[in-house]
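Notes follow the structure.
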Amino acid sequence: MSCDCQNQQDFCVSAGATFHPTVRWATDVLTSVPITGITQTTPPVITAAAHGVPNGWPVAVVAAGGMTQINATRYPPQGPDWEKSTVLSVDTVALNGENAATYTPYTSGGFLVYNTPAVLTGVTAAMTIWDNPDRTGTPLTTLTSTGGQIAIDMVLMTLTPELQTAALPWTMGYYTFDVTDASGIVTELMRGTITIQ
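In my numbering, the protein residues as written are 37 to 233.
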């Protein structure tokens, strides 16, 4: 994965708080599951049989009939088209950021779309933090999954680094977050800054 603005993620953490962002590694492959129902409620509940969505994963609705207000504005979905999902069952998800109570009733069709999660089996992760934007020299801190500072959840398909900020001697860092798959290929998922204030 190349380094571009889509991979840039800056964090601001209150001094003394635990830094523990949730990282999701998605592939470029879109999964599309046929929709058979969308409730006219807040939040709307989408029925899509055996959807396979991990809880909390970003999803979008495409080409739903009737309730066109809920549809993504472009395909493939981008930016604000994505909504955080709450999995209710193997066949239903809720979109907690959406209010469909005043939308036109759903009639038929449409797809629940999401980027397929990357396979996390055999994956290791590392977050390295430096004191300079060139990310050179000795790192300030390195967090790793093998060292226990990054949790890999095989159910939610998430990677969560954890850093206690209370005793840190620095207040500004420049990080990269990298994963290494089972075959040894290293992918930079994101980079940016961490500010402690």
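Even glycine gets a Cβ: it sits at the ideal position worked out from N, Cα and C.
Compare the C-alpha of residue i against each of the options and name the closest.
| i | options | result |
| --- | --- | --- |
| P112 | V65, S144, T122 | V65 |
| P141 | V69, P80, V222 | P80 |
| A136 | W166, T104, T172 | T104 |
| N132 | T172, Q76, T58, Q44 | Q76 |
| A86 | F147, D117, P116 | F147 |
| P169 | T196, L192, I230 | I230 |
| I232 | T207, V59, P175 | T207 |
Can you tell me the Cα-Cα spacing of residue i and residue j, whole angstroms?
| i | j | result |
| --- | --- | --- |
| S38 | T180 | Its pLDDT being 35, under 50, S38 is placed unreliably by the model, and the measurement read from it follows with that caveat. In a straight line, the C-alpha of S38 is about 21 Å away from that of T180. |
| S54 | Q200 | Residue identity differs from the one stated: residue 54 is Thr in this sequence, not Ser. Whole-angstrom Cα-Cα distance: 5 Å. |
| P70 | V149 | 9 Å |
| A100 | S144 | 6 Å |
| T83 | D127 | 6 Å |
| T223 | G102 | 41 Å |
| Y139 | N107 | 11 Å |
| N91 | S68 | 16 Å |
| N43 | T194 | 16 Å |
| Q114 | G220 | 30 Å |
| R171 | E198 | 20 Å |
| I165 | A51 | 17 Å |
| V129 | T196 | 23 Å |
| W118 | D189 | 22 Å |
| L176 | W61 | 25 Å |
| H56 | G88 | 25 Å |
Residue i: buried (16+ other C-beta within 10 angstroms of its C-beta) or exposed?
| i | result |
| --- | --- |
| Q185 | buried |
| G209 | buried |
| W23 | Any answer about residue 23 is impossible in this case: the structure gives the chain only from 37 up to 233. |
| R268 | It is not possible to answer for residue 268, since the shown part of the chain is limited to 37 through 233. |
| F47 | exposed |
| P205 | exposed |
| P116 | exposed |
| V95 | buried |
So the beta strand (DSSP E) residue i belongs to, where does it begin and stop?
| i | result |
| --- | --- |
| G228 | 222-232 |
| I186 | 186-189 |
| G158 | From DSSP, G158 is part of no beta strand (DSSP E); its letter is neither H nor E. |
| S121 | 119-123 |
| L179 | 177-180 |
| V59 | Taken as a continuous stretch (DSSP letters only), V59 belongs to no beta strand (DSSP E), as it is neither H nor E. |
| L192 | That residue, L192, is in no beta strand (DSSP E); it is neither H nor E in DSSP. |
| N151 | 147-153 |
| L131 | 128-131 |
| Y211 | 208-216 |
| V49 | 47-49 |
| T83 | 81-83 |
| V98 | 94-98 |
Three CB pairs or more closer than 8 Å across the region 208-223 and the region 151-161:
yes
Given 8 Å as the limit, is there contact between the region 161-168 and the region 118-128, that is, 3 or more CB pairs closer than that?
no
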